[in-house]
Amino acid sequence: MSRFLFVVPPLVGHINPTVGVAAELTARGHRVAWASADPGLVRRLAGDEAVVFPCAGPVLTGEDGVRPAELRGPEALKFLWERFLVPLAEAMAPGVRAAIGEFGPDAVVADQQAFAGGLVAERLRVPWATSSTTSAEFTFADALAGMPKVADWLDTLLHDLRGRIGDPSGTADPRFSPDLVLAFSTPELAGSGTGAGAETGVGVGVVDRIRWVGPSMAPRPPSADFPWSWLDPARATVLVTLGTANTDVGARFLAECRDALRSRADRVQTVIVDPANVLGANGDLDLDLDLDDKDVLIRSSVPQLPLLERVDAVVCHAGHNTVCEALWHGVPLVVAPIRDDQPVVAGQVVDAGAGIRVRFGRVTAPKLGAAIDAVLHEPGYRAAAGRIRTAFRAAGGARAAATHLEELAVGAPSKESP
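The structure is reproduced here in structure tokens:
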């Protein structure tokens, strides 16, 4: 039996992929604990019985609820690192040290944005793995190659952070463990440029440590009831969602989606996820379900994984988790990236042939409708989504990740996923 400590930021999309891995390790007889700035969020996603060591840090209302919505490009990157990622690492570090001291893990599993996990583990000489919930980070260094000043700024930021909370003599990039990087995707989506043996901006050394385990799919706590009988099997079903991060900027886009899909109501039903009620039509906020509209259903939340088994296309923001969950079910996409890694993930979807990209801030209902028609009716998109679905399911998911972590904990070299 080994002990594993998962260090995660207070972000739903970064915790969800690790829940299945933790459950698999527990089923194999290992002990699992968590370190997080939001223990309540971890327990909501991983179960009430989860052992969580509290850390200081911001508790966010969404994936990145502290950042002004209007920030884009380099300004958004600067804000993310200076105002969230680095302060989060410094705030979490004492809690992570205490958790390692009390729990005594054989290995730490550090999220790629929870730098305290890797840096503190490095300082305390505990083996650690990176949990990479988006493969976009692997191409980030390539982008920085054309921005030397930004690359130097980031190097300085990480060097100084290591001096404050890690081992000053350490050299590993805290985003990439020197021992094991678990990537919850596969090259069939991420692209051959990030595959094993390819030299990318992250360096051959990092590429050699990447284990492509595919999405980690695990049962989730029950969400609000969904009116399954509302779905019409005679029509295609389209799911529209912007995830948990973008409710503050989604009003125009969701309205265009609603208009585009309502005009196709003779052949398409639509489910729109609108947690902030920006469309002003979320009757289910007070549980007063208005199902008279047989064409467009607007809900504050949906049981996404079960629903994806019933939908024919997804319109989304190109969030990595949403994209992978759709493709796990072989569902093609229309992607409208907003910020962060989403443009990279959207590019992966398009390059793989599994969807169409539109401009979030400018797309109109007619263009959205044309894109939706294409992914619904042109067979190439569904075929590409099916190929990725096959690759995802062959990669091993939580089981493969758990095996790699077992090998790390006992000191065996981690081999490629089957």
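In our numbering, the protein residues as written are 121 to 538. Just so you know, even glycine gets a beta-carbon here, dropped at the ideal spot from N, CA and C.
In this structure, the straight-line span from the alpha carbon of residue 288 to that of residue 243 is close to 8 angstroms.
Along the region 189-223, the alpha helix (DSSP H) occurs as fully enclosed runs of 4 or more residues at 193-199, 206-223, listed in sequence order.
In the displayed model, residue 486 falls within a helix according to three-state DSSP.
Contact check for residue 129 against residue 208 passes: the beta carbons are separated by less than 8 angstroms. The C-beta of residue 279 has fewer than 16 other C-beta atoms within 10 Å across all chains shown, which makes the residue exposed. Shown here, residue 126 sits in a strand according to DSSP, grouped into three states. Straight across, the Cα-Cα distance linking residue 524 with residue 230 is about 14 angstroms.
The Cβ atoms of residue 432 and residue 496 sit closer than 8 angstroms to each other. For residue 151, no alpha helix (DSSP H) segment is defined; the enclosing uninterrupted segment is the beta strand (DSSP E) at 151-156.
Inclusion of residue 455 and residue 466 in the CB contact set at 8 angstroms is warranted, their separation being smaller than that value.
A straight line joining the alpha-carbon of residue 506 with that of residue 235 spans about 35 angstroms.
The straight-line gap separating the alpha-carbon atoms of residue 271 and residue 155 is approximately 30 angstroms.
Look at the beta carbons and you see the region 440-449 touching the region 300-309: at least three pairs across the two are nearer than 8 angstroms. By the neighbour-count criterion, in which a residue is buried when 16 or more other Cβ atoms sit within 10 angstroms of its Cβ, residue 329 is buried. For residue 230, the beta-bridge partners assigned by DSSP are 127, 250.
Taking residue 502 as the centre and dropping the five residues before and after it, the same chain places the C-beta of 452 closer than 6 angstroms to its C-beta, in chain order.
The DSSP-derived three-state label of residue 492 is helix. With a 10 Å radius around the Cβ and a threshold of 16 neighbouring Cβ atoms, residue 334 comes out buried. If you ignore the 5 residues before and after residue 252, its C-beta comes within less than 7 angstroms of the C-beta of 232, 301, 302, 303, 304, all in its own chain and listed in chain order. Residue environment analysis places residue 284 among the exposed positions, since fewer than 16 neighbouring C-beta atoms fall within 10 angstroms of its C-beta. Judged by DSSP in its simplified three-state form, residue 514 adopts helix.
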